[in-house]
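**Student:** One structure, pasted below without further comment.
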Amino acid sequence: MIVVDNLHKQFGGVHAVDGASLTIETGSITGLIGPNGAGKTTLFNIIAGLFPPTSGTIHLDGEDITGLEPHELFGKGLLRTFQIAHEFSTLTVLENLMMVPPNQLGEKLMNTWIRRGAVAAEDRDIRDKALEVIDFLNLGHLTHENAGNLSGGQKKLLELGRTMMVDAKIVLLDEVGAGVNRTLLAQIGDAIIKLNEERGYTFCMIEHDMDFIARLCDPVIVMAEGAVLATGTAAEVRANEEVIEAYLGTGLKNKTPTAKAAG
Ligand SMILES: Nc1ncnc2c1ncn2[C@@H]1O[C@H](COP(=O)(O)OP(=O)(O)OP(=O)(O)O)[C@@H](O)[C@H]1O
Ligand SMILES: [Mg+2]
């Protein structure tokens, strides 16, 4: 579905992404791991159109999407979540979800005059859809809670919910499990598997928790120093000497791929 070819991104003298090439297969839940500073988030940011690469290309289903804007990619079904959740804290869970679908008729003033009935019907549809998403994610008890009052894990679930308000094809998840308690993490994992199996979502997820990765992801891509170091099953990359060295080599500030790493 996504083919990244020889991608580079330089910030001044820093080679954040340095010749990364990888493929995300349609229908997969692909894991993206690697030590801190490996370039994972930068790679996601480029794929999702936050900024263009210094060089290299990205194709989505055969179409060159390099340098397209986030809203253009959104229209093609490519969505991302952020390492830090981006909720609207003073809006409720329901309202946060209802804000997602683009080009709502009601946003155009003339439409609310001329096509009042259509606007009301669309509002109802979006509301129904949002309630369905809330139900899917088991967030029913929080429907009218301000998003700012949610726990870290619940905010991550809400981020996932936002991707369900549109017809997503591929979703990039940046540390959706970071700082989330075990119970909620299992719930997030279940939701990801369900979206993958029942709605055909393709996922690529950055994660530091190897147990979570091993449960969900095949294949797992390992990045180090801006490039891809290894690809394989979770068990394969975990046993890979180069991978172990990459994690150990970056010193004490580095997170190692242990079960307990919180991200
Ligand atoms: N906007 C920026 N300006 C300058 N340097 C940046 C910028 N964004 C990232 N970097 C640098 O690029 C490198 C890769 O960072 P990136 O955030 O992509 O790593 P990461 O693999 O996501 O790490 P982590 O696991 O800690 O989230 C780091 O050295 C980082 O300091
Ligand atoms: Mg990151």
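Just remember that the working numbering sits 9 ahead of the position in the sequence shown, which is counted from 1. We put the beta carbon where it would ideally sit given N, CA and C, even for glycine. Given the structure is predicted, the values throughout are model-derived calculations rather than measurements.
I want to check one thing, is the minimum distance from the CB of Phe-20 to the heavy atoms of ligand 1 below 7 Å?
**Tutor:** Position 11 of the sequence shown, counted from the first residue, corresponds to residue 20. For ligand 1, at least one heavy atom lies less than 7 Å from the Cβ of Phe-20.
**Student:** So what does Thr-89 bridge to, in DSSP terms?
**Tutor:** Taking the sequence shown and counting its residues from 1, one reaches residue 89 at position 80. It should be noted that the sequence gives Arg, not Thr, for residue 89. In DSSP, Arg-89 forms a bridge with Leu-181.
**Student:** Closest Cβ-Cβ distance between Leu-59 and chain D: below 8 Å?
**Tutor:** Judged by its chain identifiers, the structure shown contains no chain D, having just a single protein chain.
**Student:** May I ask you to report which of helix, strand or coil DSSP gives Ile-56?
**Tutor:** Taking the first residue of the sequence shown as position 1, residue 56 is located at position 47. Ile-56 falls in the helix class under three-state DSSP.
**Student:** Does the structure place the stretch 30-41 close enough to the stretch 144-153 that three or more beta carbon pairs sit under 8 Å?
**Tutor:** Flag = no, the stretch 144-153 and the stretch 30-41 do not touch.
**Student:** Short check: CB of Gly-235 to CB of Asp-73, under 8 Å?
**Tutor:** As a position in the sequence shown, residue 235 is number 226, starting the count at 1. As a position in the sequence shown, residue 73 is number 64, starting the count at 1. Taking 8 Å as the Cβ cut-off, Gly-235 and Asp-73 do not qualify as a contacting pair.
**Student:** Hey, Ala-239 and Val-252: beta-carbon distance below 8 Å or not?
**Tutor:** Counting from one through the sequence shown, the residue named residue 239 turns up at place 230. Counting from one through the sequence shown, the residue named residue 252 turns up at place 243. Yes, Cβ-Cβ distance for Ala-239 and Val-252 is below 8 Å.
**Student:** Starting from the C-beta of Ile-56, find all residues in its chain whose C-beta is less than 6 Å away, skip the five residues before and the five after it, and write them out in chain order.
**Tutor:** Locating residue 56 in the sequence shown gives position 47, counting from the first residue. Excluding residues within five positions, the ones whose Cβ falls inside 6 Å are Ile-67.
**Student:** I'd like the list of long-range same chain contacts for Glu-78, defined as Cβ closer than 8 Å, with 5 residues on each side in sequence excluded.
**Tutor:** Position 69 of the sequence shown, counted from the start, is the residue given in the question as residue 78. Cβ neighbours of Glu-78 beyond the five flanking positions: Gly-58.
**Student:** Taking only the alpha-carbon atoms, compute the straight-line gap between Leu-182 and Val-246 and give it to the nearest angstrom.
**Tutor:** For the purposes of this step, residue 182 is taken as the residue at position 173 of the sequence shown. For the purposes of this step, residue 246 is taken as the residue at position 237 of the sequence shown. Going from the Cα of Leu-182 to the Cα of Val-246 covers about 20 Å.
**Student:** For Ile-230, name the three-state secondary structure that DSSP assigns.
**Tutor:** To locate residue 230, count along the sequence shown from 1; it is residue 221. Strand, per DSSP.
**Student:** Starting from Val-246, trace the alpha helix (DSSP H) both ways and give me its first and last residue.
**Tutor:** Translated into positions along the sequence shown, residue 246 becomes position 237. 243-248 is the span of the alpha helix (DSSP H), which, as asked, contains Val-246.
**Student:** Quick one: using the 10 Å Cβ neighbour count with 16 as the cut-off for buried, is Lys-164 buried or exposed?
**Tutor:** Against the sequence shown, residue 164 aligns to sequence position 155. Buried, since its Cβ has 16 or more Cβ neighbours within 10 Å.
**Student:** What is the DSSP secondary structure of His-150, counted as helix, strand or coil?
**Tutor:** On the sequence shown, position 141 is the one that residue 150 refers to. Three-state result, His-150: helix.
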